[in-house]
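S.K.: First the structure, then my questions, so here it is.
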Amino acid sequence: MVRTGSWAHKHGSPFYRHFGPDLAGIFTADTGAFGVKARVVLRLLPWPGSILTASFGYDRLEDMLAAQIELARLGVTAECYGFDPYYNKTFEDRGFSFKQSLKTLLEVVRSGNSTLAGLRDAVRVACSGRKVLRGVNFSLHLVCEGASRQLAAGKLRIARRVCLDKGGVEIDNSLPTVFNAAPFDGVSAVLLGGNGEIWLPVHGFMPLSRAQQVGAAVEAFFEANRSLMEEHGIRTSYLTCFSGSEFVIEPSFYWYDEIQQFRLDRIELQFREKWKGRSPEPEKRKVALGLREELRDLMDSHGCCHLQLARFYPYGEMMANEPLWQLLKDVKALVDEHGRMNPGALGLPEEERS
Numbered sequence: 001m002v003r004t005g006s007w008a009h010k011h012g013s014p015f016y017r018h019f020g021p022d023l024a025g026i027f028t029a030d031t032g033a034f035g036v037k038a039r040v041v042l043r044l045l046p047w048p049g050s051i052l053t054a055s056f057g058y059d060r061l062e063d064m065l066a067a068q069i070e071l072a073r074l075g076v077t078a079e080c081y082g083f084d085p086y087y088n089k090t091f092e093d094r095g096f097s098f099k100q101s102l103k104t105l106l107e108v109v110r111s112g113n114s115t116l117a118g119l120r121d122a123v124r125v126a127c128s129g130r131k132v133l134r135g136v137n138f139s140l141h142l143v144c145e146g147a148s149r150q151l152a153a154g155k156l157r158i159a160r161r162v163c164l165d166k167g168g169v170e171i172d173n174s175l176p177t178v179f180n181a182a183p184f185d186g187v188s189a190v191l192l193g194g195n196g197e198i199w200l201p202v203h204g205f206m207p208l209s210r211a212q213q214v215g216a217a218v219e220a221f222f223e224a225n226r227s228l229m230e231e232h233g234i235r236t237s238y239l240t241c242f243s244g245s246e247f248v249i250e251p252s253f254y255w256y257d258e259i260q261q262f263r264l265d266r267i268e269l270q271f272r273e274k275w276k277g278r279s280p281e282p283e284k285r286k287v288a289l290g291l292r293e294e295l296r297d298l299m300d301s302h303g304c305c306h307l308q309l310a311r312f313y314p315y316g317e318m319m320a321n322e323p324l325w326q327l328l329k330d331v332k333a334l335v336d337e338h339g340r341m342n343p344g345a346l347g348l349p350e351e352e353r354s
């Protein structure tokens with residue numbers, strides 16, 4: 001059992017990771033290969049005094065990415081994420097998501113912790129039936145926060161100027177407002193497509209300077225494989241976002257296939273009854289899984305890194321520094337002598353079986 005950072009100080013408290021070497025970092029991104037985290041201390045931030053949202057439509061991916069990159073460098077948004085045409089259509093198809101958000105917001109109102117702007121826009125979207133993303137190719141959504149409305153509005157003015165200067169057209173902002181007010185929607189929304197398709201993402205994160213290059217490569221990959229995907233009924237989408245200086249592009253594959261028990265156990269009952277019993281599609285699945293691996297390798301060739309490394313992303317193969325790889329294996333041998341912790345994660349040695 002170890003405590004890291006200032007938590008290990010004999011007169012201290014858990015408030016600072018970087019007290020000496022950041023040993024906490026060894027365990028935070030190990031995908032469980034180095035041990036089990038029993039306790040974690042996190043700083044709580046006060047809820048901002050004012051939250052404002054905006055949305056913009058773009059005809060071209062490169063223009064939307066240019067706006068996101070500039071916003072990341074300026075640091076005026078608390079959240080900023082973009083969707084492609086298929087993602088936009090998925091939100092249109094899933095009208096229940098907004099209705100669910102309305103239900104959640106009403107529960108928040110009863111608890112006394114509501115945001116009136118969020119409730120107003122949720123009602124507007126859920127009850128009117130309007131398709132807020134209809135006719136929009138790429139959509140960009142952002143949230144600006146401040147201790148006061150004046151501070152949040154100042155950030156929003158800067159963000160709006162950037163988005164418009166990069167060729168965007170301001171559109172209805174209901175989607176980021178609802179998401180911000182009720183971020184934890186139905187589980188089915190993050191396990192399956194709008195009509196119960198299998199949803200399987202792959203992602204890469206990169207420096208801001210490579211975002212447009214990787215975005216163009218993803219577009220070219222989809223175009224090169226368009227005939228194959230159309231033949232097997234495979235659709236694709238991707239979202240884009242950033243956190244600090246890291247830009248994320250997450251493409252996804254969708255296809256109709258048997259919904260296996262893992263997903264059925266985790267979606268709402270109404271959709272479980274509607275979508276269970278679909279026939280398996282092994283050929284479609286094989287093609288989709290193959291394309292996902294190719295796209296992962298394409299991102300790796302552009303120097304992308306990955307979260308959720310586990311087993312799908314070949315971490316060991318991507319490392320070009322043997323001393324680093326040896327150091328990781330030595331740490332593994334020290335904290336998990338018999339290789340029993342999440343065996344196979346990160347490609348590290350695992351328990352030998354007779």
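Numbering (the working numbering), first residue to last: 1 to 354. Here a beta-carbon is modelled for each residue, glycine too, at the ideal position from N, C-alpha and C.
Does the segment 41-48 come close enough to the segment 206-215 to have 3 or more Cβ pairs within less than 8 Å?
M.R.: As far as the Cβ criterion goes, the segment 41-48 does not touch the segment 206-215, which means the pair count is below three.
S.K.: Mind checking which residues open and close the alpha helix (DSSP H) that includes F271?
M.R.: As a first step, residue 271 is located in the sequence shown; it is residue number 271 there, counting from the start. Where F271 is concerned, the enclosing alpha helix (DSSP H) stretches over 269-275.
S.K.: Please report how far the alpha carbon of R161 lies from the alpha carbon of L74, in whole angstroms.
M.R.: For the purposes of this step, residue 161 is identified with residue 161 of the sequence shown, where counting begins at 1. For the purposes of this step, residue 74 is identified with residue 74 of the sequence shown, where counting begins at 1. Cα-Cα distance, rounded: 12 Å.
S.K.: I believe D257 touches I171 by the beta-carbon criterion, under 8 Å. Please report the beta-carbon distance rounded to the nearest angstrom.
M.R.: For the purposes of this step, residue 257 is taken as residue 257 along the sequence shown, with counting starting at 1. For the purposes of this step, residue 171 is taken as residue 171 along the sequence shown, with counting starting at 1. D257 to I171, Cβ: 33 Å. No contact.
S.K.: Determine the contact status of W255 and E281, defining contact as a CB-CB distance below 8 Å.
M.R.: Against the sequence shown, residue 255 aligns to sequence position 255. Against the sequence shown, residue 281 aligns to sequence position 281. Contact flag set, yes.
S.K.: Which value, in whole angstroms, describes the spacing of the CA atoms of R272 and R235?
M.R.: One-based indexing of the sequence shown puts residue 272 at position 272. One-based indexing of the sequence shown puts residue 235 at position 235. For R272 and R235, the distance between alpha carbons rounds to 22 Å.
S.K.: Looking only at its chain, what residues have a beta carbon closer than 7 Å to the beta carbon of G12, apart from the 5 residues adjacent to it on each side?
M.R.: Working through the sequence shown from its first residue, we reach residue 12 at position 12. So the qualifying residues of the chain are S6.
S.K.: Would you please state the rounded distance, in angstroms, between the beta carbons of P251 and V287? I believe it to be under 8 Å.
M.R.: Working through the sequence shown from its first residue, we reach residue 251 at position 251. Working through the sequence shown from its first residue, we reach residue 287 at position 287. The pair is not a contact, with the Cβ atoms about 15 Å apart (cut-off 8 Å).
S.K.: At which residue ranges does the segment 295-332 contain complete alpha helix (DSSP H) runs of 4 or more residues, listed in the order of the chain?
M.R.: List check, alpha helix (DSSP H) in window: 315-318.
S.K.: Please state if the CB of C144 and the CB of M387 are separated by a distance shorter than 8 Å.
M.R.: Examination of residue 387 is not possible in this model, given that the chain is present from 1 through 354 alone.
S.K.: Just mark M1 as buried or exposed, buried being the case when its beta carbon has 16 or more other beta carbons within 10 Å.
M.R.: Within the sequence shown, residue 1 is the residue found at index 1, counting from 1. It is exposed - the Cβ of M1 has fewer than 16 other Cβ atoms within 10 Å.
S.K.: Which same chain residues end up closer than 6 Å to S354 when comparing Cβ atoms and leaving out the 5 residues on each side of it in sequence?
M.R.: By one-based count along the sequence shown, residue 354 stands at place 354. With a pLDDT of 48 at S354, under the threshold of 50, the modelled position of this residue cannot be trusted; read the value that follows with caution. Result list for S354: empty, nothing under 6 Å.
S.K.: Express the C-alpha separation of E294 and G82 in angstroms, rounding to a whole number.
M.R.: Along the sequence shown, read from residue 1 onward, the residue named residue 82 stands at position 82. Along the sequence shown, read from residue 1 onward, the residue named residue 294 stands at position 294. Roughly 23 Å separates the two Cα atoms.
S.K.: Taking 8 Å as the cut-off, does the segment 26-38 touch the segment 333-342 (at least 3 CB pairs, one atom from each stretch)?
M.R.: Flag = yes, the segment 333-342 and the segment 26-38 touch.
S.K.: May I have a chain-ordered list of the beta strand (DSSP E) segments no shorter than 3 residues that lie completely inside the segment 36-72?
M.R.: Taking only runs of at least 3 residues, the beta strand (DSSP E) segments lying wholly in the segment 36-72 are 50-58.
S.K.: Would L200 and R296 qualify as a contact pair, given that the criterion is a beta-carbon distance under 8 Å?
M.R.: Here the question's residue 200 lines up with position 200 in the sequence shown. Here the question's residue 296 lines up with position 296 in the sequence shown. Contact: no.
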